[in-house]
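Numbering (our numbering), first residue to last: 3 to 386.
Accompanying notes for the structure given below.
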Ligand SMILES: Cc1ncc(COP(=O)(O)O)c(C=O)c1O
């Protein structure tokens with residue numbers, strides 16, 4: 003698969019936030035959407051639904067198809083046995099974080115988060131009236147690791163939940179089974195419930211494999227809610243469809259005790275698209291991942307060769323490069339510097355919580371040509 007020929011003019015016609023937030027002279031490399039065209043069968047499915055004006059309320063059977071498609075794929079792809087009845091269909095993954103916080107903790111109780119992390123994790127906890135506890139991941143300039151001692155020290159008597167992100171956004175870590183097992187020991191010691199956001203699980207590069215946290219053991223499954231969707235890997239975030247997977251009936255019953263309609267209704271196109279890509283989309287995803295891997299390596303080499311003061315390790319997963327710009331001392335900060343001087347929109351590391359200041363996140367899910375232009379503009383801005 004080659005995505006070398008993406009047309010800038012048609013990308014600029016897109017109305018989603020990636021392309022429509024900044025002025026036309028800015029190249030957007032921020033929010034986690036890909037610039038690639040949809041998998042053709044998916045485009046045909048959506049076009050057919052629109053052609054026959056089929057945008058009425060979805061049937062309950064459409065939700066059941068999502069549950070079954072997810073369960074079948076979890077077994078096939080991750081050797082993770084999931085029963086369809088243990089899958090709840092949600093609007094989005096972040097909704098699952100909020101619902102999990104409300105269902106599994108009381109006001110004033112705490113949830114712990116490891117930073118830097120996808121910003122909604124940091125907002126969800128205080129917005130739900132829970133205490134946010136922070137444990138920073140360890141970064142030695144070459145690799146990120148979970149700080150288990152720090153985690154144990156930060157958990158207090160009122161801590162009910164660990165909000166976990168694996169593969170990790172923004173660091174690109176795909177944690178190994180041994181790392182996850184060590185984390186699971188802490189979870190069991192402190193009787194925590196885990197909300198495990200695995201939305202990037204399909205975007206793990208071949209040197210690593212994704213290990214579902216809930217797949218570690220029946221004991222861990224019983225206290226884990228896995229949140230995921232097809233939206234990152236198949237580039238359909240705007241269709242709004244996700245799943246929450248429960249490792250026990252008890253956990254699911256507590257979650258379902260919230261009034262059902264706080265989840266909102268579901269998007270008919272999102273349900274249909276999710277079923278199609280989970281059933282048949284793997285060959286497209288494999289080819290797309292190969293292109294992304296080459297972009298990842300290209301970006302990492304470019305940074306090493308041309309911007310050596312930026313510390314960067316190629317991600318094991320995700321199409322996001324996490325760049326430590328602290329040695330550059332950019333004014334006022336790397337995000338604004340590259341926006342103003344390079345006309346490139348990155349994600350501001352400071353939004354990812356402690357340990358993110360002085361970093362930016364670069365989305366490389368675009369054509370090699372556009373990626374080269376993004377990196378080239380950054381390089382020139384640093385030389386000025
Ligand atoms: C780790 C992570 N979780 C959740 C989301 C958003 O998912 P949703 O749109 O389903 O809430 C993203 C989007 O980039 C993400 O990176």
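Cβ atoms here follow ideal geometry from the backbone N, Cα and C, with glycine treated the same way.
None of these values were measured; they are calculated from a predicted model.
- Note: residue 136 is bridge-paired with 115 in the DSSP secondary-structure output.
- In this structure, ligand 1 has a non-hydrogen atom nearer than 6 angstroms to the beta-carbon of residue 244.
- Beta-bridge partners assigned by DSSP to residue 141: 146.
- Inter-residue distance for residue 166 and residue 383 is about 36 angstroms (C-alpha atoms, whole angstroms).
- Note: residue 195 is bridge-paired with 163 in the DSSP secondary-structure output.
- Taking 6 angstroms as the cut-off, the C-beta of residue 120 counts as close to a heavy atom of ligand 1.
- In the three-state reduction of the DSSP assignment, residue 371 falls in the helix class.
- Ligand 1 never approaches residue 238 closely enough for any of its heavy atoms to be under 6 angstroms from the residue's Cβ.
- Remark: the shortest separation between the CB of residue 171 and any heavy atom of ligand 1 falls under 6 angstroms.
- Take the alpha-carbon of residue 45 and the one of residue 237: they are about 12 angstroms apart.
- In the DSSP assignment, residue 335 falls outside any beta strand (DSSP E) and carries neither an H nor an E.
- Contact annotation: residue 122 and residue 347 have beta-carbon atoms that are not nearer than 7 angstroms.
- For residue 176, the CB stays at least 6 angstroms from every heavy atom of ligand 1.
- Shown here, residue 349 sits in a strand according to DSSP, grouped into three states.
- Residue 183 carries a helical assignment under DSSP once its states are collapsed to helix, strand and coil.
- Restricting attention to 174, 163 and 222, the CA atom closest to the CA of residue 187 is found in 222.
- Exposed is the label assigned to residue 306, since fewer than 16 other Cβ atoms lie within 10 Å of its Cβ.
- Bounds of the alpha helix (DSSP H) holding residue 306 are 284-308.
- Per DSSP, the continuous alpha helix (DSSP H) segment holding residue 21 begins and ends at 19-22.
- Rounded to the nearest angstrom, the Cβ distance from residue 323 to residue 271 is 31 angstroms, too far for a contact under 8 angstroms.
- In this structure, DSSP gives residue 251 a helical state, which the three-state scheme calls helix.
- With a threshold of 6 angstroms, the Cβ atom of residue 362 does not count as near ligand 1, since no heavy atom of the ligand is closer than that.
- With a threshold of 6 angstroms, the Cβ atom of residue 37 does not count as near ligand 1, since no heavy atom of the ligand is closer than that.
- Cβ neighbours of residue 214 within its own chain (closer than 8 angstroms, five residues either side excluded): 76, 80, 82, 198, 200, 203 and 228.
- Under the DSSP assignment, residue 52 falls in the alpha helix (DSSP H) whose first and last residues are 42-53.
- In the three-state scheme derived from DSSP, where H, G and I count as helix and E and B as strand, residue 226 is classed as strand.
- Residue 89 places its beta carbon less than 7 angstroms from that of residue 72.
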